[in-house]
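Protein sequence lines correspond, in order, to chains Z and C.
Each residue of the first sequence is one higher than the one before, starting from 475 at the first, in our numbering.
Each residue of the second sequence is one higher than the one before, starting from 1208 at the first, in our numbering.
Report on the following structure.
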Amino acid sequence: MVLITLVSSDEQNFPVERELLKQSGTIETLIVNMNLDDEDTDAAAMPIPLPNVKGDVLEKVIQWMEHHKGDPVKEGDNEDNNAEIVVPQWDDDFFKPAMYGSKHLELTVAASYLDIKNLLTLSCKAISNTFKGKTGPQIREEWGVPNEFTPEEEEAIRKENEWSE
Amino acid sequence: MPSDSHWQRMVLKRRASEGHQRVNIRGKRRASEINKTVQSTVLEKRKKVNPQFSILGFPNEILLDIYQHLDLSGRRGLRVNERMKRIEMDVEYHYRTLDIIIHENTLICDKIRIVVEKGKMREEIEMLKNTHFNRVNIISFVPIANDIIESMKFVNTKSMLYDYPNKKGVIIKKCKVNKRGLRWLYWIDLKLNLRIQKAIKKPSEFKKLKGTKILEGKLDVKYVKVEGLAADLMKAKEMMVADNHDPTTKCLTCCDDFVINDDKLVVEFKGIHECPCRCMGSVHFFVTNGKEDDSDDEWDSYEYESSIDWSDWDDEFDSDEEREDNYDIYRLSRANEDNRKPNLGEDSFPLLSLPPEIISNVFSFLPLKDRLRARVNRMLRSIESDSKYYVPGVQIEEPDDDGSTRLRRALLGAVFGFHHFFLADDKSYSTDFIKKIAQNIKIGFLFIEVHGTSPFHHELYSLIKTLKFTELTLILESYTDEMKKEIMADVNFREIIKLPKYLNLHAMGDAIGPEELFAIYKGMFCRTSNLCELKTEIKLEHLHSLGRLIEDAPESEDFMAKKIEIYISKYHGDEDYPLYDDENDDEEEEFDDDFLYRYHIFSGNFEIVVPHAVTDGIPFEFKMRWHETEELLVESKKGKKYMPIPEGETEN
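Following this line, the structure appears as structure tokens:
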């Protein structure tokens, strides 16, 4: 089993199974460019630095990738009805403890940076689920979003949303 | 390398020399043109000789990043040209928080301390319009004058003052508030709202908060709201407390009565408090587990992060003088480095610090209604508007008299996952919704059922014209024949039916005559319209008339000019079924009474579908199709029985 070492921004080393890293477009590109797949290359001696991902976040990302080992990787964008995507129970449990916490934010940003499409999709879907069925004030309250609309803008939004209420 | 001054001299010299030469040589060119030419030449040469680093060479996103590291004065100083000003003021990129602190005659803003002359505070605050922040906390040590409150509306802040235009207000962020502070606030009759985002999990911390003993209670607290109210409201609030009073959970402090109502989710803590200063006031504490307090609309109006140190809760002032001398008990934190970057270290999830593309991704998972509702501030609205979305189905309906159609369609929509929008019965709604979804939403299937031919309907069609959709179904069931004809004559309606790829005109009756059908046929056959399939009802006499119109058409529009093939199929509902098994091609199949049969008449890629048996005067289903590819054409013929046409009979 080939192990590739990922180095987080806080200098923590994470030896990860090569197979798992196929889920990350960014790391996969690096592996190909660094010829880490070559038999002649000593992959262990060439750690991959990930300066934008902290150790605890990377650990969560690896945990997620381990669970989703072998899942087909989503290819490109399409016109699927994203609203119908369902977050599997395991992922729901995985995201839920940190849903409104900074860890979820970091995990989502890391998924985007590492180009892990499935993780990004599920993470965004999990966030979007928290918006469902909520009114504007409820969303603002839950997420601490400031309402900077002027009364006129507020009225324009209200009129646009009139049919959706 | 030459020095700058040397360089400038060289440029001036060369410029003079070149300009002079050109004037002598051409003699007719205007001096200004020459100067421009010379300037550009000089600049070109200058670049080659001394390639200078230009900040304007950076893309906008890098410049924005640079802005984030600058204090307010730096930011304002960088407004060196229109582009830089535009970037700095771009609402879409407002991510940061700015604290403006008003302390007597001093305005402390970001890292800048400005001593403001009397009466100039408003002017200074107006200068902060559209600064590069998405949240501006106005913090005051002193009562705020009404004219300043007015100016705050223009600062890019979500201000409580919109909701309370007649109130003076204070927002305190990351400050220490103690009893003295609260009393001071009562004294000056200000409204104070604080919100704690960090959960208080231990009862001991709650004790600190209230300075009282806690009985049973689960104290997983997320938000705390503290509100000081004017004395005239006290009685009403007293009644509220009395109603909720539960002797089993009553707690006493040295000066206050508190009532705790505890259940699994909410701990509500209310207290009546006598202000020792000039008036009677009341203070209410709502401690909830992140749940919205529906009974209090004001709750939603305040969204400020705060942390409060309650450790010196029991501090007392000995006199009013001492109180006034201690305004600075509000130790306000200024905007610091942590505020400039997404604050990932805290428990809070700064949703707005997610990159716009991720927020857009989040939006893409939401059903249309939720997506529209999620536009809760300018940044989110901008991101939503800039993203293109695909919505599989939208139904726009005007309710009929008995509401039965509404129910039926609503159920149908629910089954297929369509987004359902009803027009209000009295047509008092605005049409802004259509304008909004026309901006960035592509609809798969659009279903419209309206009743009437009023100017409103004309406007409605003109708006629907702006939507992007693939399939359109128009139901005109409740229209009289005259109304249907009127609709067909509507310019906007005629435009609409050219837009989709698939068009279903339901219950058209006589409104869609041979001329209208021929116009649609021409568009499809000559590929001047986008339409690939029309489904409607037609009477036999209209079909004959249509046939004659097609026959008389020029060759380019002539259905008969290509090889005609006729197939027959059986169908049920809208579905075609194979007429016979491929393996038993030679077997003649007997007609099955459970099915209806229809003819498919092909001319190249064009197909006309009519039932096998029709009755004079009764409309029947009629389809025209254009098969975009050979594969689709072959697929369409599959399972249908080919019927050879005897020679010389094609014209029939």
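Just so you know, even glycine gets a beta-carbon here, dropped at the ideal spot from N, CA and C.
None of the values given here were measured: they were computed from a predicted structure.
In chain Z, what lies closer than 9 Å to residue i by C-beta?
i, result
"C/A1581", "S602, F605, K608, G610 and I613"
"C/L1559", "W617, G618, V619 and P620"
"C/I1657", "Per the sequence shown, the amino acid found at residue 1657 of chain C is Val instead of Ile. Neighbours of C/V1657 on chain Z: none; closest Cβ ~14 Å, over 9 Å."
If you follow the beta strand (DSSP E) that residue i is in, where does it begin and where does it stop?
i, result
"C/F1676", "K1675 to I1682"
"Z/H541", "Taken as a continuous stretch (DSSP letters only), Z/H541 belongs to no beta strand (DSSP E), being part of the alpha helix (DSSP H) at G529 to H541."
"C/V1598", "Y1596 to E1604"
"Z/L477", "L477 to V481"
"C/I1815", "F1813 to P1818"
"C/N1711", "Y1709 to H1713"
"C/K1848", "K1848 to M1850"
"C/F1827", "F1827 to W1833"
Helix, strand or coil for residue i per DSSP?
i, result
"Z/T577", "Checking the sequence shown, residue 577 of chain Z turns out to be Lys, not Thr. Reduced to three states, the DSSP call for Z/K577 is helix."
"Z/V619", "coil"
"Z/L524", "coil"
"C/H1807", "strand"
"C/I1671", "helix"
"C/K1777", "strand"
"C/R1207", "The shown model of chain C, from 1208 to 1859, leaves out residue 1207 of chain C, and the question about it has no answer."
"Z/E491", "strand"
"C/H1665", "helix"
"C/E1772", "strand"
"Z/D545", "coil"
"C/G1226", "Residue placement at C/G1226 is poorly supported in this model, since its pLDDT is 41, which falls under 50; the coordinates still yield a value, given next. Residue state, collapsed to three classes: helix."
"Z/K606", "coil"
"C/E1744", "strand"
"C/N1647", "helix"
"C/T1735", "coil"
"C/E1838", "helix"
"C/L1653", "strand"
"Z/L588", "coil"
"C/V1322", "strand"
Would you mind telling me which residues of chain Z sit closer than 8 Å to residue i, beta carbon to beta carbon, in chain order?
i, result
"C/P1562", "V583 and S586"
"C/I1565", "T582, V583, S586, L594 and C598"
"C/R1585", "E622, F623 and E627"
"C/N1647", "Result: empty, since nearest Cβ-Cβ is about 12 Å, beyond 8 Å."
For residue i, which residues in chain C fall below 7 Å Cβ to Cβ?
i, result
"Z/E634", "L1579, D1639, F1640 and K1643"
"Z/L494", "By Cβ distance, chain C contributes nothing, its closest Cβ being about 23 Å from Z/L494, past 7 Å."
Of the residues the options, which one's Cα is nearest the Cα of residue i?
i, options, result
"Z/K608", "C/R1580, C/N1267 and C/L1561", "C/R1580"
"C/K1692", "C/A1726, C/V1816, C/D1717 and C/D1759", "C/D1717"
"Z/V531", "Z/Q612, Z/Q486 and Z/D565", "Z/Q486"
"Z/A585", "C/I1269, C/R1588 and C/P1562", "C/P1562"
"Z/G499", "Z/E540, Z/V547 and Z/D511", "Z/V547"
"C/V1601", "C/I1565, C/K1649, C/L1587 and C/V1569", "C/K1649"
"Z/P611", "C/E1331, C/V1583 and C/Y1784", "C/V1583"
"Z/W564", "Z/D511, Z/E622 and Z/L596", "Z/L596"
"C/I1719", "C/R1329, C/L1747 and C/E1331", "C/L1747"
"C/S1567", "Z/I601, Z/A517 and Z/E629", "Z/I601"
"C/L1575", "C/Y1596, C/S1589 and C/I1655", "C/Y1596"
"C/F1652", "C/L1710, C/T1660 and C/P1662", "C/L1710"
"C/I1565", "Z/P489, Z/T582, Z/P523 and Z/I631", "Z/T582"
"Z/W484", "Z/L494, Z/K577 and Z/P523", "Note on identity: in this sequence residue 484 of chain Z is Asp, with Trp being the wrong assignment. The candidate whose alpha carbon is nearest that of Z/D484 is Z/P523."
"Z/D589", "Z/F488, Z/E493, Z/I478 and Z/Q497", "Z/Q497"
"C/K1770", "C/K1742, C/L1738, C/L1803 and C/S1810", "C/S1810"
"Z/I631", "C/V1698, C/T1822, C/R1588 and C/V1323", "C/R1588"
Taking residue i as part of the alpha helix (DSSP H), name the residues at either end of that continuous run.
i, result
"Z/T500", "G499 to N507"
"C/E1782", "Careful: C/E1782 lies outside any alpha helix (DSSP H), inside the beta strand (DSSP E) at E1782 to Y1784."
"Z/F569", "Q563 to F569"
"Z/R632", "P625 to N635"
"C/F1725", "P1721 to F1732"
"C/F1570", "P1563 to S1571"
"C/E1693", "D1688 to A1696"
Residue i versus chain C: which residues are under 9 Å apart at the beta carbon?
i, result
"Z/I559", "F1572"
"Z/W564", "Ordered by position in chain C, no residue passes the 9 Å Cβ test against Z/W564, which lies about 18 Å from the chain."
Which residues in chain Z have a C-beta closer than 7 Å to the C-beta of residue i? List them in chain order.
i, result
"C/N1737", "Correct list: empty, because the minimum Cβ distance to chain Z is about 17 Å."
"C/V1601", "Result: empty, since nearest Cβ-Cβ is about 10 Å, beyond 7 Å."
Q. Closer than 8 Å, Cβ to any Cβ of chain C: which residues of the region 620-632 of chain Z, in chain order?
A. Answer in chain order: P620, N621, E622, F623, T624, P625, E627, A630 and I631.
Q. Using Cβ-Cβ distances below 8 Å, what residues of the region 496-526 of chain Z are close to chain C?
A. Residues of the region 496-526 of chain Z whose Cβ lies closer than 8 Å to any Cβ of chain C: none.
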